[in-house]
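Below is one structure, written out as structure tokens; comments come after it.
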Amino acid sequence: MQYTYHYDSPLGGITMASDGESLSGLWFDGQKYFGAGLAADAEEQTESGEILPVFEETKKWLDIYFDGKEPDFTPRLHLQGSPFRIEVWEILLKIPYGKTTTYKEIAERVAAQRGIPSMSAQAVGGAVGHNPVSIIVPCHRILGTDGSLTGYAGGVEKKKSLLSLENVLLPEAGK
């Protein structure tokens, strides 16, 4: 069974998804790939009823984050995707709060982990774009090689707002 819960953030509505134990999705309402992998019969939970502990924990994480602070915990995650996508998402989880990296740097890291000479930054971009747990798996911290705010399933304005919240100073090309 899958469950959903709606959270009102300063940047708009967010839908969370869970398998009952772990967070399996977190999307800005209406974003690209919204609800990917979410069952049509997912049960919606509301404030008026009992809420899964993982949703309570995620709400707490988001409240801290949107208050401009770095959460000191991560809700339990259940990331579903190809081995390549999961490999990329695990790299995203290691990007520190307030820091950024590039698609090219992630591609180089994947290539090094796999012991191969190179990896396509475009392939990495595809994996980053299909990240099912936005914000917590910080795909907004990925920039183009020139510092540009290329690609974000939630929209470039939201990406800019999230980076601003983390006090990231963007290079001129990223503004």
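Heads up, the sequence shown is in the numbering used here, so the first residue is 5 and it goes up one at a time. Positions of the beta carbon are idealized from the N, C-alpha and C atoms, including for glycine.
Kindly confirm or deny that the region 44 to 56 and the region 70 to 89 touch, where touching means at least three C-beta pairs closer than 8 Å. They do not touch, by the three-pair rule.
Work out the CA separation of residue 80 and residue 163 for me, nearest whole Å. Cα to Cα, the separation comes out at about 23 Å.
Close beta carbons around residue 65, own chain, < 8 Å, minus the five adjacent residues each side: For residue 65, where only same-chain residues beyond five positions count, the Cβ hits under 8 Å are 75, 77, 78, 79 and 140.
Pairwise C-alpha distance: residue 59 and residue 129: Within the model, the alpha-carbon separation for residue 129 versus residue 59 is close to 28 Å.
Buried versus exposed, by CB contacts within 10 Å (16 or more), residue 118: Exposed, by the Cβ-count rule.
Who are the near neighbours of residue 137 in its chain, counting only those whose CB is closer than 7 Å to its CB and skipping five residues on each side? Here the set comprises 27, 29, 30, 81 and 83.
Residues that residue 31 bridges to, as DSSP identifies them: For residue 31, the beta-bridge partners assigned by DSSP are 19.
Would residue 43 be called buried (16 or more neighbouring beta carbons within 10 Å of its own) or exposed? Residue 43 comes out exposed.
Run the CB neighbour count on residue 158, radius 10 Å, all protein chains shown included, and call it buried at 16 or more, exposed below. So residue 158 counts as buried.
According to the Cβ coordinates, are residue 104 and residue 46 closer than 8 Å? No, they are not a contact pair.
Let's see if you can read the secondary structure: which residues bound the beta strand (DSSP E) around residue 168? Looking at the DSSP string, residue 168 is not in any beta strand (DSSP E); the run it does join, the alpha helix (DSSP H), is 160 to 169.
Using DSSP bridges, identify the partner residues of residue 47. In the DSSP output, where bridge partners are listed per residue, residue 47 has 7.
Cβ pair residue 181, residue 99 closer than 8 Å: There is no way to answer for residue 181, as the model of the chain reaches only from 5 to 179.
Spell out the partners DSSP gives residue 99 in its beta bridges. According to the DSSP secondary-structure assignment, residue 99 is paired through a beta bridge with no residue.
Work out the CA separation of residue 106 and residue 148 for me, nearest whole Å. Separation of residue 148 and residue 106 (C-alpha to C-alpha, rounded to the nearest whole angstrom) is 6 Å.
Residues bridged to residue 110 by DSSP? None; residue 110 has no bridge partner.
In chain order, what residues of the same chain have a beta carbon less than 7 Å from the beta carbon of residue 23, not counting five sequence neighbours either side? Excluding residues within five positions, the ones whose Cβ falls inside 7 Å are 6 and 82.
Starting from residue 60 and walking both ways along the alpha helix (DSSP H), at which residues does that stretch end? It spans 57 to 70 - the alpha helix (DSSP H) in which residue 60 sits, taken as one unbroken run.
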